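These notes concern the structure reproduced below.
Numbering (the numbering used here), first residue to last: 52 to 329.
Below, the structure written as structure tokens:
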């Protein structure tokens, strides 16, 4: 497979077998996933929202690439996604759409466990998920995640969207950040009127497991003045983060996405007393 993070030329991937995945309450449709072995490595594929009547709709896969690029700018460890323009076969019908491709991040000797399950098995009495993560030595990881989820308005960091990887000696580590598609303007589903009216700074209710259902409140949980990652967002990063996507999303849509990321970055800088680099 091409090493670029975005392949615009149509790829024939009708051999992939898609399975239903349940999604969060209140979000229509379902996400379909597929996997296969390539040179001994398990590769995962995912499409955006799908139902049998509308087919593929929404832009969750595009969001995954945008967030992956943002995290590369910030130098935060994450699962890297490749966006592929593909022809696939779903419910016996050929469909042309955009899908994501990612590589298994789990080592062969590791088993995975959802954070909420691991927390329930190992927490102390009355210990919150955040306090538990700090006790485990994962505070930097969690603080980075809170920043990321704020910047992209991630509505779905539930307990299984944070994974813990456990080796044969029962040593545990959090997995790289992954599964950030239900973010940005995903709820607009490409509707131009909804995109234009979308308030990028609104504190929307979220389904995030650590902290509260308010991303703005969660921002207040971060340590003040502490540098949580090496990278810094700059205005010039817009081109890098959105490069090539004008063939997939409208200019208004891309503009709103950048307004969200940049506006929320400056809010983060203000609240957490961070150094801003324009």
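In this text, a Cβ means the ideal position worked out from N, Cα and C, and glycines have one as well.
This one's a predicted model, so the numbers in the text were calculated from it and none came from an experiment.
Buried versus exposed call for residue 286 [16 or more other C-beta atoms within 10 Å across all chains shown]: Around the beta-carbon of residue 286, fewer than 16 other beta-carbon atoms lie within 10 Å, marking it exposed.
C-alpha distance - residue 64 paired with residue 272, whole-angstrom precision: 44 Å
Candidates 66, 123 and 227: closest to residue 292 by CA position: 123
Separation of residue 140 from residue 189, as counted between CA atoms: 41 Å
Test item: CB-CB of residue 151 and residue 115 under 8 Å: yes
Every unbroken beta strand (DSSP E) within the stretch 204-275, with a cutoff of 3 residues, ordered by chain: 214-217 and 223-225
Helix, strand or coil at residue 146 according to DSSP, with G and I counted as helix: strand
Unbroken stretches of the alpha helix (DSSP H), 4 residues or longer, contained in the stretch 127-197: 166-173 and 180-186
Closest residue to residue 277 among 317, 294, 299 and 324 (Cα-Cα distance): When only C-alpha atoms are compared, the closest one is 324.
Close beta carbons around residue 296, own chain, < 7 Å, minus the five adjacent residues each side: 113 and 305
Bridge partners - residue 95, DSSP secondary structure assignment: Bridge partners of residue 95: 86 and 153.
Among 59, 200, 144 and 103, the one whose alpha carbon lies nearest that of residue 129: 200
Residue from 258, 61 and 314 with nearest C-alpha to residue 212: 258
Residue 329 versus residue 284 - alpha carbon distance: Bear in mind that the predicted position of residue 329 carries a pLDDT of just 46, short of 50, making it unreliable; the figure below should be weighed with that in mind. About 8 Å.
Cβ pair count under 8 Å reaching 3, the stretch 81-92 against the stretch 157-175: no
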